[in-house]
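**Q** Just so you know, the sequence shown maps onto residues 15 to 174 in the numbering used here.
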Amino acid sequence: MQNATPDTLVRYRERLSPSLWLLVTAAVAGPMVTLSFTPLGSLPALLLGAAAAVLLIGTLIAASPAVRVTGTVLRAGTAHIDARWLGTGVALVGEDARQARGTALPARGWHLIRGGIDGVVVVQNIDPNDPATSWTISTRTPDRLLAAIRDAQVAASTHA
15 MQNATPDTLV
25 RYRERLSPSL
35 WLLVTAAVAG
45 PMVTLSFTPL
55 GSLPALLLGA
65 AAAVLLIGTL
75 IAASPAVRVT
85 GTVLRAGTAH
95 IDARWLGTGV
105 ALVGEDARQA
115 RGTALPARGW
125 HLIRGGIDGV
135 VVVQNIDPND
145 PATSWTISTR
155 TPDRLLAAIR
165 DAQVAASTHA
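1) Just reading off the alpha helix (DSSP H) that Val42 is part of, what are its end residues?
2) In terms of alpha-carbon separation, which member of Arg27, Thr172, Val38 lies closest to Gly91?
3) By a C-beta neighbour count over all protein chains shown, 10 Å radius and 16 as the cutoff for buried, is Ile4 buried or exposed?
4) Run through the DSSP bridge pairs and tell me what Thr84 is partnered with.
5) Do Ser148 and Pro120 have their C-beta atoms closer together than 8 Å?
6) Ordered along the chain, which non-local residues of its own chain (more than five positions away) have a Cβ less than 6 Å from that of Val104?
7) Going by beta-carbon coordinates alone, are Leu30 and Arg112 separated by less than 8 Å?
8) Going residue by residue through the segment 46-118, where are the continuous beta strand (DSSP E) segments of at least 3 residues, counting only ones entirely within it?
9) Would you mind working out which of Leu74, Ser56, Arg25 sits nearest Leu34, comparing C-alpha positions?
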């Protein structure tokens, strides 16, 4: 068994999968497709409807972004930033999170916001060459994500 080095240590991992309500809504596409194809016959219409629902739900799940803190790097969706460029962060839930996703969302910040996920972590970006002033990331466990970011910051400062 290979031991994890500080550069490969997975500190946090979460997939921002769709909410149950969104998946149920996507499943409603099945009966609609079935009704559209009933002139072809009931069996082909049912098969096409079931295939459409499964394909749509599968696509929603497969396309959902991941949030990871690996080593000293925060990855959110397709973006990544080294923890040495992250400043102070805050974990928000409830009304504070709603404000952070809404009226308090910085125009020059980088955002990974997903509906149906209440928690948010907002971290300042201190890289002088990066136009994004902060990162706002949806998460189901904001305290754990912020703790992982802080651990990565400590690891980045000891490796510098």
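Beta carbons: idealized from backbone N, C-alpha and C, even for Gly.
**A** Reading from the atomic positions:
1) Careful: Val42 lies outside any alpha helix (DSSP H) and carries neither H nor E.
2) Arg27
3) Residue numbering for the chain in the displayed model covers 15 to 174; residue 4 lies beyond these limits and cannot be assessed.
4) Val24, Val87
5) yes
6) Val136
7) Not in contact: Leu30 and Arg112 (Cβ atoms no closer than 8 Å).
8) Counting whole runs of 3 or more residues, the segment 46-118 contains the beta strand (DSSP E) stretches 80-84, 87-90, 93-96, 100-106.
9) Leu74
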